[in-house]
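Scroll down for the structure; my scribbles are underneath it.
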Amino acid sequence: MKVLSVLLLTAAATGGQSFHIGKCSKPAVQEDFNVTQYMGTWYEIEKLPAVFERGICNQATYSLQPDGTVKVHNVELLPNGNINSIEGVAKVKDPSQPAVLSVSFFKGVPDAPYWVLSTDYQSYALVYSCSDYFGLLNIDFAWILARTRALTEDVISQLHEKLTAAGVNVNRLTVSNQTACDMVYGLRHDLQR
Ligand SMILES: *[C@@H]1O[C@H](CO)[C@@H](O)[C@H](O)[C@H]1NC(C)=O
Ligand SMILES: *[C@@H]1O[C@H](CO)[C@@H](O)[C@H](O)[C@H]1NC(C)=O
0 MKVLSVLLLT
10 AAATGGQSFH
20 IGKCSKPAVQ
30 EDFNVTQYMG
40 TWYEIEKLPA
50 VFERGICNQA
60 TYSLQPDGTV
70 KVHNVELLPN
80 GNINSIEGVA
90 KVKDPSQPAV
100 LSVSFFKGVP
110 DAPYWVLSTD
120 YQSYALVYSC
130 SDYFGLLNID
140 FAWILARTRA
150 LTEDVISQLH
160 EKLTAAGVNV
170 NRLTVSNQTA
180 CDMVYGLRHD
190 LQR
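Here the sequence shown stands for residues 0 to 192, numbered as in numbering that gives the first Met the number 0.
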């Protein structure tokens, strides 16, 4: 785990990842979060740069499992035309905080926080993830997600305000490319599941 942390930090240093001095902020999350209504596919509209995402047309599909955990299926299109797909599991640790999830993609690797700061379930979602390292540094991630491959400027600026309130510099956000994705994915068989 130490090794992973070091790897992450190294990757962070080289990949333009945002790590900061000090501890993570603890922003308010979506009240009365209903995980059932959150299930299904979300498209990435904007994000803080993340070294583990290299493609375009990023999307996530969540499905509730019988044991109450959430299956996570992330898909992106790589520059070489291949589809990169990864599966993980998200769970709520404290039932009194249903919007505070943690997600894990690899066995033996520490969970990453997945906080739903705001969602209306039908159009937009704002997700924040921040991890403390050695009590000295933190790395944060944020994603603006939508049920369609675009969001109105109005909604985006409201979500920017929420991120600003959470201490995130929204100038660091990058716009995700969701151009012609349905067409490209439609041509691929490996996605039809
Ligand atoms: C969550 O949403 C589902 C689907 O709309 C609904 O059946 C369920 O009652 C909701 N749960 C709570 C605690 O409101
Ligand atoms: C988005 O990706 C497409 C390829 O799917 C490319 O043609 C287009 O130039 C990209 N747009 C931006 C803004 O990078």
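Think of the CB as a built atom: it goes at the ideal place given N, C-alpha and C, for glycine as much as any other residue.
Three or more Cβ pairs closer than 8 Å define a contact, and the stretch 118–127 falls short of that threshold against the stretch 74–84. Note on geometry: alpha-carbon atoms of Pro112 and Ala49 lie some 14 Å from one another. Ala89 sits in a strand when the DSSP states are folded into three classes. The beta carbon of Ile155 sits no closer than 7 Å to any heavy atom of ligand 2. Boundaries of the alpha helix (DSSP H) around Cys180: 180–185. A heavy atom of ligand 1 is found nearer than 7 Å to the CB of Asn33. In this structure, the straight-line span from the alpha carbon of Asp153 to that of Thr147 is close to 15 Å.
Under the three-state reduction of DSSP output, Asn137 falls in the strand class. Under the three-state reduction of DSSP, Ser156 is assigned to helix.
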